[in-house]
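The opening position of the sequence shown corresponds to residue 8 in our numbering, with each subsequent residue numbered one higher. Below: the structure, in structure tokens.
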Amino acid sequence: MELSLQSRDVIAMATAVSLSHEMFDAALLLGVCDKIVPGLLMGALSFGHLPAIFVPAGPMPSGLPNAEKARVRQAYAEGKATREELLAAEAASYHSAGTCTFYGTANSNQMLLEMMGLQLPGTSFVNPNTPLRDALTVAAAERACAITGQGEQFTPIGHTVDEKAIVNAMVGLAATGGSTNHAIHLVAIARTAGLLITWDDLDELSRATPLLARVYPNGQADVNHLAAAGGLPFVIRELLAGGLLHPDIACVGGGDLHQQAREPWLDDGVLRWRDPPAHSGDANVLRPLSDPFDPEGGLRCLSGNLGRAIVKVSAVKHEHRRIEAPARIFGSQDALLAAFKAGELTGDHVVVVRGQGPRANGMPELHKLTPTLGVMQDRGQRVALLTDGRMSGASGKVLAAIHVVPEAVCGGAIAKLRDGDLVRIDSEAGVVEAKVPAAEWAAREASRPDTAGNRHGVGRELFGLMRAHANSAEEGGSALFVEG
């Protein structure tokens, strides 16, 4: 996982190497899972004169219900389920070709591409190995040929991805409760397109965008249920009707964003598009703009004397969105898990896992913490996470202030925290702070994390240059924007 974020930049560079041969009329980008779509898009944007169409694989069919999967994971974290039971649940959850069915980074990727007009309409959540999926793949290849510079419908990616497309992507992220990873990826994508966005932009748009979808971890449904209820065509139509999206972007399928608000179907084997259903097929999963799950979207930016952070609130109940509790400091997620197993994490606390940023160790997702933190919260403890690292794109029900900048290894204020310091995280007020007297706080020195173990082994030694030059999480967590 310490090479996970850096793999995005490697994919971007590999895409650029491929396209640098200057012998292509257009590009078909086979982007699906977490870092692949951002990497491909960043690489393709360096060739703004070329048309590019993304071709998704679609999600696997639904497997084990998400509630049962989460139950087994938490039981295993408590020692109440065996490893065999855990593996059986995981195998039943991830059982086929296609993306994972929860609404993590992979499926958030697909949503963003539809919102930006880079995929054919309604193609994100069609299962692989089906006649409709095969027809859509053929249609994408045919459309790529139609939009080259040799025809009359030339649609280069540099004309598709502009300011309006990036805003549409941010609005879509808020409206659907998408992955926190895009607080990093979208920033990097925009920079590659010559545009600057910040977490303040994400926060402002999220506060102005109603939440229209509840898909795991923001609910119990998966993306197949979302698609059956009306899917992204329904979401796009509702947001357009409310004036929350820019319709006038150049979509690869032709026309503007109104044309993206359609769903594909096979009419006696012939691929056609039609309007989405007038009403949601399941109001527990998808709702119209007139009756949202929440008047605001899923992401918040926090700031205070600890720096700036991102928090995903769409999966967090209102009673858990604020906390003021003593800090418990850890240098890794494994150290936190060991303390939990030893029975040391009792009472209320903010667990702090630092030294996890882009320059420290490549910013791995701290996904192993989700079940453990969930167990403590279910026991009645008031808990939260504070970290300069990432959580999984499936960040769950526990309040988590993540991506803290500046990171600890760069002397960020999170490195000043000591065990027992009172920490306040308030996602409603947008605050993350240490409740330490100002004079004492100003006099404290930051404790630089020990990163010696992050430099070698499992390929780490090949990425030292990227770690050394990575910019902050709010700037995209990338080493590709070094000047000079």
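Glycine included, C-beta positions come from ideal geometry on N, C-alpha and C.
query = According to DSSP, is Ala334 helix, strand or coil?
reply = strand
query = Looking at the unbroken beta strand (DSSP E) that takes in Glu149, where does it start and where does it end?
reply = Secondary structure note for Glu149: it is in no beta strand (DSSP E), and the uninterrupted alpha helix (DSSP H) holding it is Pro138 to Ala153.
key: Which listed residue (Arg80, Glu303, Leu57 and Gly237) has its alpha carbon closest to that of Leu218   = For the residues Arg80, Glu303, Leu57 and Gly237, the minimum Cα distance to Leu218 belongs to Glu303.
ask   = Using a Cβ-Cβ cut-off of 7 Å (strictly less than) and excluding sequence neighbours within five positions of Ser53, which residues of its own chain qualify?
value = Ala23 and Thr199
ask   = Where does Pro58 land, buried or exposed, given buried means 16+ other C-beta within 10 angstroms?
value = Buried, because 16 or more other Cβ atoms sit within 10 Å of the Cβ of Pro58.
ask   = Can you tell which of Leu26, Gly250 and Ala349 has its C-alpha closest to the C-alpha of Ser297?
value = Gly250
ask   = Could you give the distance in angstroms between the alpha-carbon of Gly491 and the alpha-carbon of Pro45?
value = Low per-residue confidence applies at Gly491: pLDDT is 43, beneath 50, and the placement is therefore not dependable enough to give any value.
key: Presumed contact (8 Å Cβ cut-off) between Ala332 and Arg269, rounded CB distance   = Actually they are not in contact, since the Cβ atoms of Ala332 and Arg269 sit about 49 Å apart, beyond 8 Å.
message = If we require 3 or more residues per run, which beta strand (DSSP E) segments fall completely within the segment 57-84?
response = 59-61
task = Going by CA-CA distance only, name the one from Met398, Leu94, Thr130 and Ala176 that's closest to Pro66.
result = Thr130
request  = Closer than 7 Å by C-beta to Thr144: which residues in its own chain qualify, once you throw out the five before and the five after it? Chain order, please.
outcome  = Val62
ask   = Helix or strand or just coil, what does DSSP make of Met433?
value = According to the sequence displayed, residue 433 carries Asp and not Met. Asp433: strand per DSSP, three-state reduction.
request  = Take the Cβ of Arg15 as the centre, count every other Cβ of all protein chains shown within 10 Å, and call the residue buried at 16 or more, exposed below.
outcome  = buried
ask   = Cα separation between Val133 and Asn114?
value = 11 Å
inquiry  = For Val79, which residues in the same chain have their Cβ closer than 7 Å to its Cβ, ignoring the five residues on either side in sequence?
reply    = Cβ contact annotation for Val79 (same chain, cutoff 7 Å, sequence separation greater than five): Ala88, Glu92, Leu93 and Ala96, in chain order.
request  = With DSSP as the reference, label Arg328 as helix, strand or coil.
outcome  = coil
task = Check whether the Cβ atoms of Ala422 and Arg455 lie closer than 9 Å to each other.
result = yes
request  = Tell me where the alpha helix (DSSP H) around Arg198 begins and ends.
outcome  = His189 to Thr199
query = Is the beta carbon of Ala316 less than 9 Å from the beta carbon of Leu393?
reply = yes
Cys152 and Ala345 closer than 9 Å at C-beta = no
ask   = Fully enclosed by the segment 231-308, which beta strand (DSSP E) runs are 3 residues long or longer?
value = 270-274 and 277-281, all fully within the segment 231-308.
message = Using the three-state DSSP reduction, which class does Gly491 fall into: helix, strand or coil?
response = Bear in mind that a pLDDT of 43 at Gly491, under 50, signals an unreliable position, so the number given afterwards is only what the model happens to contain. Coil.
Distance CB(Lys404)-CB(Val323) smaller than 9 Å = yes
ask   = Grouping DSSP H, G and I as helix and E and B as strand, with all else coil, what is Leu392?
value = strand
N- and C-terminal bounds of the beta strand (DSSP E) containing Val178 = It is not in any beta strand (DSSP E) - Val178 instead sits in the alpha helix (DSSP H) that spans Glu170 to Thr183.
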